[in-house]
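A.B. asks:
In my numbering, the protein residues as written are 3 to 285.
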């Protein structure tokens, strides 16, 4: 039998689509052998692994207008547009309690992807004890220019999407040849070259490999997308993604738009329920 992977793309607030997909998975008790989450994908994966239905939705929507969650005030005060302490400490430990015990009992391996600022290469961290390892999720979500570099155990880390937005090749290399891939863009999307690189070059002048990774991101992203589409045609990947272009921005605060995208994710997974179960059972 093949081991089944679940790969979750990021995309900031567009990740609420993924939260909808994963809530359907929780509802139907759909489990996999490994989850590989990038940026927002890693955040929503955590609630899936603790089987807390609709927690990811509420952890986003309930605080979207709180300046401690997402605001330019945060960016000016702390260097990060998202309130990292609020997101990774206050919410899970005080406001919308995270079930750490349930996470620890999960049999599913969990990998969060970050980018090494010094090498420009992706780093894949296994999170075994979320209370202790949640800092790796924070690193995975730390968008260049809009977040501070996260320093952990001699690593200097930023958003995993910079170096490996869709870690399908990593999954295959780890022996997970059959993968469910959740994307936050529709099938017509391809990534364009990064704009405003002059600002980035100034801010990260001490990290030339990070700058190169950002400049080449669109190439790596589109290559990964081609591989996903090929594997899908060959029956080795099952892709869940929005049917139409997504109008939700990376820092979206419109509750109606976010809720609609969440519901779209849930309904897309629901419509594909038989395909998902067949894909898992067959393998």
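The beta-carbon is built from N, C-alpha and C at its ideal position, and this holds for glycine as well.
All of these numbers come straight from a predicted model, not from anything done at the bench.
1) Looking at the structure shown, is residue 212 part of a helix, part of a strand, or coil, going by DSSP?
2) From this set, 147, 190, 238 and 188, which residue's C-alpha is nearest residue 205's C-alpha?
3) Counting only the same chain and skipping the five closest in sequence on each side, list residues whose C-beta sits under 8 angstroms from that of residue 81.
4) Note the first and the last residue of the continuous alpha helix (DSSP H) segment covering residue 232.
5) Looking at the secondary structure, which residues open and close the alpha helix (DSSP H) in which residue 185 lies?
6) Check for me: the beta strand (DSSP E) holding residue 8 runs from which residue to which?
7) Out of 245, 233, 251 and 224, point me to the one whose CA is closest to residue 270's CA.
8) Would you grab the beta carbon distance between residue 52 and residue 101 for me? Rounded to a whole angstrom, and I think it's under 8 angstroms.
9) Residue range of the alpha helix (DSSP H) that residue 261 falls in?
10) Is residue 34 near residue 182, with beta carbons less than 8 angstroms apart?
11) Taking the alpha helix (DSSP H) that residue 121 belongs to, which residues open and close that run?
12) Indicate whether residue 166 and residue 243 have their beta-carbon atoms separated by less than 8 angstroms.
13) Name, in chain order, the residues that DSSP records as bridge partners for residue 161.
14) Would you report the Cα separation of residue 170 and residue 65, rounded to the nearest angstrom?
15) Starting from residue 240 and walking both ways along the beta strand (DSSP E), at which residues does that stretch end?
16) Are the Cβ atoms of residue 59 and residue 264 separated by less than 8 angstroms?
17) Can you give the Cα-Cα distance for residue 121 and residue 92, rounded to whole angstroms?
18) What are the uninterrupted segments assigned as alpha helix (DSSP H) that are 4 or more residues long and contained completely in the stretch 38-124, given in chain order?
19) Taking three-plus beta-carbon pairs below 8 angstroms as touching, is the stretch 62-77 in contact with the stretch 111-119?
20) Could you give the distance in angstroms between the alpha-carbon of residue 15 and the alpha-carbon of residue 262?
21) Grab the span of the beta strand (DSSP E) containing residue 152 for me, first residue to last.
22) Between residue 42 and residue 17, how many whole angstroms is the CB-CB distance? I'm expecting something under 8 angstroms.
23) On a Cα-Cα basis, can you pick out the residue from 239, 226, 272 and 117 that is closest to residue 145?
24) With a threshold of 16 other CB atoms inside 10 Å of the CB of residue 74, please say whether the residue is buried or exposed.
25) Verify whether the separation of the beta carbon atoms of residue 99 and residue 84 is less than 8 angstroms.
26) Buried or exposed: where does residue 232 fall if 16 or more other Cβ atoms within 10 Å of its Cβ makes it buried?
C.D. replies: In brief:
1) Working through the chain shown from its first residue, we reach residue 212 at position 210. In the structure shown, residue 212 sits in a helix (DSSP, three-state: H, G or I).
2) Against the chain shown, residue 205 aligns to sequence position 203. Closest by alpha carbon: 147.
3) Taking the first residue of the chain shown as position 1, residue 81 is located at position 79. Cβ neighbours of residue 81 beyond the five flanking positions: 149 and 150.
4) Start at 1 with the first residue of the chain shown, and residue 232 comes out as number 230. First-last of the alpha helix (DSSP H) with residue 232: 219-236.
5) As a working note, residue 185 is residue 183 in the chain shown. Where residue 185 is concerned, there is no enclosing alpha helix (DSSP H), because DSSP gives it neither an H nor an E.
6) Translated into the one-based positions of the chain shown, residue 8 becomes position 6. Start and end: 6-10.
7) Here the question's residue 270 lines up with position 268 in the chain shown. Here the closest residue by C-alpha is 245.
8) Stepping through the chain shown from its first residue, residue 52 is reached at position 50. Stepping through the chain shown from its first residue, residue 101 is reached at position 99. Sure, about 4 angstroms apart at Cβ, within 8 angstroms.
9) Locating residue 261 in the chain shown gives position 259, counting from the first residue. Residue 261 -> alpha helix (DSSP H) spans 257-273.
10) On the chain shown, residue 34 is found 32 positions in, with the first residue counted as 1. On the chain shown, residue 182 is found 180 positions in, with the first residue counted as 1. Yes. Within cutoff.
11) On the chain shown, residue 121 is found 119 positions in, with the first residue counted as 1. Careful: residue 121 lies outside any alpha helix (DSSP H) and carries neither H nor E.
12) Taking the first residue of the chain shown as position 1, residue 166 is located at position 164. Taking the first residue of the chain shown as position 1, residue 243 is located at position 241. Their beta carbons are not under 8 angstroms apart, which means residue 166 does not touch residue 243 by this criterion.
13) Along the chain shown, one-based indexing puts residue 161 at 159. Under the DSSP definition of a beta bridge, residue 161 partners with 116.
14) As a first step, residue 170 is located in the chain shown; it is residue number 168 there, counting from the start. As a first step, residue 65 is located in the chain shown; it is residue number 63 there, counting from the start. Each residue's alpha carbon lies about 32 angstroms from the other.
15) By 1-based counting over the chain shown, the position of residue 240 is 238. Where residue 240 is concerned, the enclosing beta strand (DSSP E) stretches over 239-242.
16) Within the chain shown, the letter at position 57 stands for residue 59. Within the chain shown, the letter at position 262 stands for residue 264. Their beta carbons are under 8 angstroms apart, which means residue 59 touches residue 264 by this criterion.
17) Indexing the chain shown from 1 puts residue 121 at position 119. Indexing the chain shown from 1 puts residue 92 at position 90. The alpha-carbon separation between residue 121 and residue 92 amounts to approximately 32 angstroms.
18) Runs of the alpha helix (DSSP H) inside the stretch 38-124: 42-51, 57-63, 74-80 and 102-107.
19) The count of Cβ pairs closer than 8 angstroms, one atom from the stretch 62-77 and one from the stretch 111-119, stays below three, leaving the stretches out of contact.
20) Counting from one through the chain shown, the residue named residue 15 turns up at place 13. Counting from one through the chain shown, the residue named residue 262 turns up at place 260. Each residue's alpha carbon lies about 12 angstroms from the other.
21) To locate residue 152, count along the chain shown from 1; it is residue 150. Note, residue 152: beta strand (DSSP E), 152-154.
22) Translated into the one-based positions of the chain shown, residue 42 becomes position 40. Translated into the one-based positions of the chain shown, residue 17 becomes position 15. Contact flag correct, Cβ pair sits at about 3 angstroms.
23) For the purposes of this step, residue 145 is identified with residue 143 of the chain shown, where counting begins at 1. Nearest option by C-alpha distance: 117.
24) Position 72 of the chain shown, counting from 1, holds the residue named residue 74. With fewer than 16 other Cβ atoms within 10 Å, it is exposed.
25) Residue numbering aside, residue 99 sits at position 97 when the chain shown is read from its first letter. Residue numbering aside, residue 84 sits at position 82 when the chain shown is read from its first letter. Using a Cβ distance threshold of 8 angstroms, residue 99 and residue 84 do not count as a contacting pair.
26) Looking up residue 232 in the chain shown gives position 230. Its Cβ having fewer than 16 others within 10 Å, residue 232 is exposed.
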